[in-house]
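S.K.:
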Amino acid sequence: MSQVPPTAESLRPLLRLLDDDTPEVRGSIARELDRFDGDVSEFLDDQAPSLSEAEAQTLSRLLRPARRRRLEQEWVVPTAGATALADDWEKVEELLRLLSDYLHDGITLRQPLGDALDLLVEESATAFDEAGSMGLIRHLLRDILKHDDSGEFNPQHYDLAAVATGRPSNALGLGCLCLLVSHRLEAEVSGISLPGAFFLMVPGAEEVAMIDPANRGAVIHPEDFAHRIRRYPREIRRLATRPVTAGEVLVRITEEAATAFAVIDETEDATLMEKLVDSLTIPF
Numbered sequence: 012m013s014q015v016p017p018t019a020e021s022l023r024p025l026l027r028l029l030d031d032d033t034p035e036v037r038g039s040i041a042r043e044l045d046r047f048d049g050d051v052s053e054f055l056d057d058q059a060p061s062l063s064e065a066e067a068q069t070l071s072r073l074l075r076p077a078r079r080r081r082l083e084q085e086w087v088v089p090t091a092g093a094t095a096l097a098d099d100w101e102k103v104e105e106l107l108r109l110l111s112d113y114l115h116d117g118i119t120l121r122q123p124l125g126d127a128l129d130l131l132v133e134e135s136a137t138a139f140d141e142a143g144s145m146g147l148i149r150h151l152l153r154d155i156l157k158h159d160d161s162g163e164f165n166p167q168h169y170d171l172a173a174v175a176t177g178r179p180s181n182a183l184g185l186g187c188l189c190l191l192v193s194h195r196l197e198a199e200v201s202g203i204s205l206p207g208a209f210f211l212m213v214p215g216a217e218e219v220a221m222i223d224p225a226n227r228g229a230v231i232h233p234e235d236f237a238h239r240i241r242r243y244p245r246e247i248r249r250l251a252t253r254p255v256t257a258g259e260v261l262v263r264i265t266e267e268a269a270t271a272f273a274v275i276d277e278t279e280d281a282t283l284m285e286k287l288v289d290s291l292t293i294p295f
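Counted the way the numbering used here counts, the sequence shown spans residues 12 to 295.
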């Protein structure tokens, strides 16, 4: 493999060959693209508009093996897995950044998760200062973050860097972002993780408010919440009695990403997500 540093000039001839689907050419392009480490967004400049939708999809697909390899190399978790992470939101944020980088298409220029969270915190600080934790969550879920109402299994729900800047996500993705922002602002917000659902809890003057990220931050009446969880087995209902830990959120997201990839028949990606889950859960 050539060790010449990648440049925009070295990328241009590869882009011109994207419509050639012969195995020899595709193999040659893939080998040359390997030098870009799975992301050419900083090298595309004004070349991106010249790519057709099909060419952009081909380019992203050819970049994916390098992103897959990079994620495997950089994914480092404590020996005790998610148990050791406990409430280490900084480490969990770092691992979620790696996951977001992997889920990125490698083409679109965008901020990494940490920078996107910096911006969310800046945009939300006033709401928190003026109306506390509830004001913060309402601002995030009503004014900034978007819920995907399609109900589809979509791995992109967990590209949190993109979700932070406007891509729709499900309750888990939105709830996770709210927890990350809340941690940075030291807001009193926690989460409840149940199969097929994710809720936020915000302490109030008289009782804890249960928040539904899938419904623009609507408050769930205690009786309604009790009715919702009645269908769960007793051992699952116990999960509703305590806040989810940062490590458990990370496990849940990687599990859901694995399922989403499996549903759309992206076997290699699903297998990789399962490996990440194993790295977090084997010690249990």
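Ideal Cβ positions, reconstructed from N, Cα and C, are used throughout, including at glycine.
1. Rounding to the nearest angstrom, what Cα-Cα distance links Arg-253 and Ile-203 in this structure?
2. Ser-180 and Asp-159 look like a contact to me (Cβ under 8 Å); what is the Cβ gap, rounded to whole Å?
3. Rounded to a whole number of angstroms, what is the C-alpha to C-alpha distance between His-194 and Val-262?
4. Looking at Val-213 and Val-200, is the spacing between their C-beta atoms short of 7 Å?
5. Once DSSP output is grouped into helix, strand and coil, what is the label at Asp-160?
6. Quick one, which of Leu-205, Arg-37, Leu-114 and Ser-39 has its alpha-carbon nearest Ile-240's?
7. Compare the beta carbon distance of Ala-67 and Ile-118 with 7 Å and say whether it is the shorter of the two.
8. Pick helix, strand or coil for Ile-203, following the three-state DSSP scheme.
9. Within 10 angstroms of its Cβ, does Phe-295 collect 16 or more other Cβ (buried), or is it exposed?
10. So within the segment 99 to 187, which uninterrupted alpha helix (DSSP H) runs reach at least 4 residues, ignoring any that extend past its ends?
11. For Arg-78, count neighbouring C-beta atoms within 10 Å of its own C-beta (all shown protein chains included) and say buried if the count is 16 or more, exposed if not.
12. Note down the Cα distance separating Arg-248 from Val-132, rounded to an integer number of angstroms.
13. Output needed for Phe-54: all residues of its chain with C-beta closer than 6 Å, excluding positions within five of it in sequence on either side, in chain order.
14. Beta-carbon within less than 6 Å of Ala-95's beta-carbon, same chain only, minus the 5 sequence neighbours each way: which residues are those?
15. Using 7 Å as the threshold, is the C-beta distance between Leu-152 and Gly-228 below it?
16. Quick check: what's the CA-CA separation for Asp-99 versus Glu-105?
17. I'd like to know whether the C-beta atoms of Pro-166 and Leu-114 end up nearer to each other than 7 Å.
18. Distance, Cα to Cα, Asp-170 vs Phe-164?
19. For Thr-282, does the three-state DSSP call read helix, strand or coil?
20. Using 8 Å for Cβ pairs, my map puts Ala-220 next to Ala-182. What's the rounded Cβ distance?
21. Span of the beta strand (DSSP E) holding Pro-214?
22. In chain order, what residues of the same chain have a beta carbon less than 6 Å from the beta carbon of Ile-264, not counting five sequence neighbours either side?
23. Measure how close the beta-carbons of Asp-305 and Arg-81 come, nearest whole angstrom, since I'm counting them as under 8 Å.
24. With distances taken Cα to Cα, identify the nearest neighbour of Thr-137 among Asp-129, Leu-130, Leu-128 and Leu-147.
25. Please tell me whether Arg-46 and Pro-17 are closer than 7 Å, where the distance is taken between their beta carbons.
M.R.: Here's the rundown:
1. Their Cα atoms are separated by approximately 7 Å.
2. Indeed they touch by this definition, with Cβ atoms about 6 Å apart.
3. Between the alpha carbons of His-194 and Val-262 lies a gap of roughly 18 Å.
4. Their beta carbons are under 7 Å apart, which means Val-200 touches Val-213 by this criterion.
5. DSSP places Asp-160 outside both helix and strand once states are collapsed to three, so it counts as coil.
6. Taking only the C-alpha atoms, the option nearest Ile-240 is Leu-205.
7. Yes.
8. The answer is strand: DSSP assigns Ile-203 an E or B state.
9. Low per-residue confidence applies at Phe-295: pLDDT is 33, beneath 50, and the placement is therefore not dependable, though the value from the model is reported in the following sentence. Around the beta carbon of Phe-295, a 10 Å sphere encloses fewer than 16 other beta carbons of the protein chains shown; the residue is thus reported as exposed.
10. Fully enclosed alpha helix (DSSP H) runs of 4 or longer: 100 to 114, 124 to 150 and 171 to 174.
11. So Arg-78 counts as buried.
12. Computed Cα separation, rounded: 33 Å.
13. Ala-19 and Leu-22, listed in sequence order.
14. In chain order, Pro-89 place their CB closer than 6 Å to the CB of Ala-95, counting only its own chain and leaving out the 5 sequence neighbours on each side.
15. A contact, by the Cβ cut-off of 7 Å.
16. Near 10 Å, if we compare the C-alpha coordinates of Glu-105 and Asp-99.
17. Taking C-beta atoms as the reference points, Pro-166 and Leu-114 count as a pair closer than 7 Å.
18. Rounded to the nearest angstrom, the two C-alpha atoms are 13 Å apart.
19. Reduced to three states, the DSSP call for Thr-282 is helix.
20. Actually they are not in contact, since the Cβ atoms of Ala-220 and Ala-182 sit about 16 Å apart, beyond 8 Å.
21. Counting along the chain, the beta strand (DSSP E) containing Pro-214 begins and ends at 208 to 214.
22. Here the set comprises Tyr-169.
23. An answer regarding residue 305 cannot be provided, because it is not within the stretch 12 to 295 covered by the chain.
24. Answer by Cα proximity: Leu-147.
25. Yes; because the gap between Cβ atoms is below 7 Å, this pair is in contact.
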